[in-house]
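Enquirer: The structure's right below; bear with me while I get my questions together.
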Amino acid sequence: MNMPIKSPDRRHIVRLPAGERFQLRYVRPDDRAKLEEMFARASPQDMRFRLLGAVRGFAAHMAERFAHLDPGAEAAIVATSLPGEEPEEIYGVVHIAQDAPESDSAEYDVMVRSDFKAHGLGYRLMTEILQCARRRGLKAVTGYISPDNSRMLVMAQELGFVARRGEDNLVEVRLDFDDLDRRVEDELSAG
Ligand SMILES: CC(C)(COP(=O)(O)OP(=O)(O)OC[C@H]1O[C@@H](n2cnc3c(N)ncnc32)[C@H](O)[C@@H]1OP(=O)(O)O)[C@@H](O)C(=O)NCCC(=O)NCCS
Numbered sequence: 018m019n020m021p022i023k024s025p026d027r028r029h030i031v032r033l034p035a036g037e038r039f040q041l042r043y044v045r046p047d048d049r050a051k052l053e054e055m056f057a058r059a060s061p062q063d064m065r066f067r068l069l070g071a072v073r074g075f076a077a078h079m080a081e082r083f084a085h086l087d088p089g090a091e092a093a094i095v096a097t098s099l100p101g102e103e104p105e106e107i108y109g110v111v112h113i114a115q116d117a118p119e120s121d122s123a124e125y126d127v128m129v130r131s132d133f134k135a136h137g138l139g140y141r142l143m144t145e146i147l148q149c150a151r152r153r154g155l156k157a158v159t160g161y162i163s164p165d166n167s168r169m170l171v172m173a174q175e176l177g178f179v180a181r182r183g184e185d186n187l188v189e190v191r192l193d194f195d196d197l198d199r200r201v202e203d204e205l206s207a208g
């Protein structure tokens with residue numbers, strides 16, 4: 018059985034390639050307003066990429082959802098401005114939810130503030146949630162990507178996800194940790 022996805026009070030500071038620094042920490046219920054502010058800044062295209070369809074009231078709905086996660090089955094990490102920089106702002110959020118109770122795989126979703134894309138934050142958040150998934154004993158992480166979301170498709174490939182055409186014309190990506198470790202070992206041995 019998996020360890021439950023609990024949310025201990027863990028945080029650390031990360032530095033992106035161009036030097037910007039952020040605090041990464043688990044989402045808290047009192048993040049609702051800050052999350053809504055972040056989602057409200059999403060461009061229509063980013064909203065579509067994230068939701069895979071248009072949804073009215075996206076920002077409030079997503080903020081409410083993330084502020085009240087099921088701690089037994091979900092985890093979410095936010096990238097915020099540094100401690101002491103007031104008011105605190107959220108620049109990105111990444112989330113995993115177990116596919117079903119007792120499942121050993123989880124589906125991810127990720128979103129970076131539309132005005133802060135292509136700084137490496139999405140990639141950093143993804144590596145963080147994959148480590149989190151491993152720590153919690155999950156065997157695989159999956160996701161669904163719109164076929165025209167080239168940034169996410171490239172990023173998923175770079176992270177080791179394997180892609181296949183899924184339902185509804187979406188690309189289904191899957192990262193099986195044992196399989197990834199084997200591939201990395203093989204590449205290192207071959208090199
Ligand atoms: C998809 C999304 C999360 C990516 O976040 P981002 O911060 O813009 O992306 P990054 O800057 O981390 O990565 C961008 C690039 O660098 C690469 N990259 C970044 N850091 C890297 C690293 N350390 N090593 C290797 N590659 C890296 C990525 O593959 C990508 O390539 P590109 O810009 O040449 O296309 C963001 O664009 C977003 O929120 N989109 C809307 C929502 C969405 O599409 N979610 C995905 C479906 S749930």
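Numbering-wise, the sequence shown is residues 18 to 208 according to the working numbering.
Each residue gets a CB set at the ideal place from its N, CA and C atoms; glycine is no exception.
A quick note: this is a predicted structure, and the numbers were derived from the prediction, not measured.
For I30, I'd like the list of residues in its chain whose CB is within less than 8 Å of its CB, leaving aside the five on either flank, ordered along the chain.
Expert: Closer than 8 Å at the Cβ level, and outside the excluded window around I30, lie R38, F39, Q40, L41, L99.
Enquirer: Does the beta-carbon of I113, which I'm using as the reference point, lie nearer than 7 Å to any heavy atom of ligand 1?
Expert: Flag unset: Cβ of I113 not near ligand 1.
Enquirer: On the CB-based measure, 16 or more other CB atoms within 10 Å of its CB, does V110 come out buried or exposed?
Expert: The residue in question, V110, is buried, as its Cβ has 16 or more Cβ neighbours within 10 Å.
Enquirer: Report the three-state DSSP secondary structure of R168 (helix, strand or coil).
Expert: Looking at R168 - three-state DSSP - the assignment turns out to be helix.
Enquirer: Pick out whichever of T159, A57, R45 has its Cα sitting closest to the Cα of D132.
Expert: It is A57 whose Cα lies nearest to the Cα of D132.
Enquirer: Go ahead and label S60 buried or exposed: buried means 16 or more other beta carbons lie within 10 angstroms of its beta carbon, across all protein chains shown.
Expert: S60 should be labelled exposed.
Enquirer: Cβ atoms of A84 and P46: under 8 Å apart, would you say?
Expert: Cβ atoms of P46 and A84: closer than 8 Å.
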